[in-house]
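Working notes, beginning with the structure itself.
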Amino acid sequence: MFRRLALAALAPAAAVMFFAAPAEAATPVTTLQAGIAELTNAQRKSHGCGAVTVNANITRAARAHSVWMAKTGTFSHAGSGGSTFSARVKAAGYQRPGGENIAWGYRSADAVVQAWMKSPGHRANILNCKFKTVGVGAAYAANGAAYFTQDFGF
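Taken in order, the sequence shown gives residues -25 to -1, 1 to 129; the numbers are from mature numbering (1 follows the signal peptide of the UniProt record, and there is no 0).
Given below as structure tokens:
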């Protein structure tokens, strides 16, 4: 009897596995991060600003914030323990933080940057010609949602 129930329980699961469409593979976070930095510089160039250089310390702060948002399901500029982006960037070793953009749920670097460019505050950060450095962090939540943080420095 137990064997029949076990087989009966497995049959629908096997059918779902066999007939389900394959899930779209998630883009690696390093690819997303590099793409966002590249597209940010393309926007800056087309609007007369110099390129920002990727900074490892700022990237570490941005990545840690994205990981925290993904783990907690929180979407906020305030981070772990109520930390500000400025405090996180300084704690990571960069002493001149400038601005922060965050996003979640987008599936590509292009989609994130396009969304930021449509938002006045995010656009202002991207096109602030005084910013010289950037760090981008991306992380996936357990449900597959992507969280993004872009921190700028002077």
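Beta carbons are placed, not taken as given, at the ideal position from N, Cα and C, and that holds for glycine.
Of the residues Ser21, Gly112 and Asn30, the one placed nearest Val87, counting alpha carbons only | The sequence position of residue 87 within the sequence shown is 112, counting from 1. It is Gly112 whose Cα lies nearest to the Cα of Val87.
Would you list the one or two residues that DSSP bridges to Glu75?
-> On the sequence shown, residue 75 is found 100 positions in, with the first residue counted as 1. Paired residues: Asp126.
Inter-residue Cα distance where the pair is Asn118 and Thr5 = Counted from its first residue, the sequence shown places residue 118 at position 143. Counted from its first residue, the sequence shown places residue 5 at position 30. The alpha-carbon atoms of Asn118 and Thr5 are separated by roughly 19 Å.
Inside the region 48 to 120 only - alpha helix (DSSP H) runs reaching at least 4 residues | 60 to 66, 84 to 92 and 95 to 101
Provide the residue span of the alpha helix (DSSP H) that contains Thr2, from first to last.
-> The count along the sequence shown starts at 1 and reaches residue 2 at position 27. No alpha helix (DSSP H) holds Thr2; DSSP gives it neither H nor E.
Taking Cβ positions, are Ile33 and Val64 nearer each other than 7 Å?
-> Here residue 33 refers to the residue found at position 58 of the sequence shown. Here residue 64 refers to the residue found at position 89 of the sequence shown. Contact flag set, yes.
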